[in-house]
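Asker: Here it is: the structure, laid out below.
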Amino acid sequence: QVQLVESGGDLVQPGGSLRLSCAASGSFFSIIAMGWYRQAPGKQRELVAITSGGRSNYADSVKGRFTISRDNAKNTVYLQMNSLKPEDTAVYYCNVVAVVRVEKNYWGQGTQVTVAS
Numbered sequence: 018q019v020q021l022v023e024s025g026g027d028l029v030q031p032g033g034s035l036r037l038s039c040a041a042s043g044s045f046f047s048i049i050a051m052g053w054y055r056q057a058p059g060k061q062r063e064l065v066a067i068t069s070g071g072r073s074n075y076a077d078s079v080k081g082r083f084t085i086s087r088d089n090a091k092n093t094v095y096l097q098m099n100s101l102k103p104e105d106t107a108v109y110y111c112n113v114v115a116v117v118r119v120e121k122n123y124w125g126q127g128t129q130v131t132v133a134s
């Protein structure tokens, strides 16, 4: 199994920055992809950013503002969020695709990001 521990969510003013972290632990053979999703009240969960095989993809709404990075030695993924907007307010979830016996999706517990003045 894979356990994910997220941190970094907070209340921040518009234009501010936050960095989210997600550390994966447990017994797994390999990690295929690591990413971040978010879910705002009344909305569906959406992809924010994902990194796999050295490549990264971003939602159009965060391109140029958010940066995803990965520390393979620590099995940790980060999301650096700059120029935050009120519409970035959501619960952010870490997602990892890992191989235990088979390839499977794992989710973190979520961390709240609130952007308000």
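Each number in my numbering corresponds to the 1-based position in the sequence shown with 17 added.
A virtual CB, placed ideally from N, CA and C, is assigned to each residue, including glycine.
1) I need the DSSP call for D9, collapsed to helix, strand or coil.
2) Using a Cβ-Cβ cut-off of 6 Å (strictly less than) and excluding sequence neighbours within five positions of T131, which residues of its own chain qualify?
3) Look at the alpha carbon of F45 and the alpha carbon of Q18, and state the distance between them as a whole number of angstroms.
4) Given that a residue counts as buried once 16 or more other Cβ atoms are within 10 Å of its Cβ, and exposed if not, what is G52?
5) Have a look at S47, P103, S42, S24 and flag the residue whose alpha-carbon is nearest the alpha-carbon of R118.
6) Could you check where the beta strand (DSSP E) with S42 kicks off and where it finishes?
7) Measuring CB to CB, does Y110 end up less than 9 Å from R36?
8) Between Y95, E104, R62, which has its C-alpha nearest S134's C-alpha?
9) Counting only the same chain and skipping the five closest in sequence on each side, list residues whose C-beta sits under 6 Å from that of I85.
10) Rounded to whole angstroms, what's the CA-CA distance from G143 to G71? Just pull it up for me.
11) Taking the alpha-carbon positions, what's the V108 to Y75 distance?
12) Fully enclosed by the segment 55 to 110, which beta strand (DSSP E) runs are 3 residues long or longer?
Answerer: On the basis of the coordinates in this document:
1) What the structure shows of the chain is the stretch from 18 to 134, and residue 9 is not part of that stretch, so it cannot be assessed.
2) L28, T106
3) 7 Å
4) buried
5) S47
6) 35 to 43
7) no
8) E104
9) A66, T68, S73, L96
10) A question about residue 143 goes unanswered here, because the residues of the chain that appear run from 18 up to 134.
11) 17 Å
12) 63 to 69, 72 to 75, 83 to 88, 93 to 98
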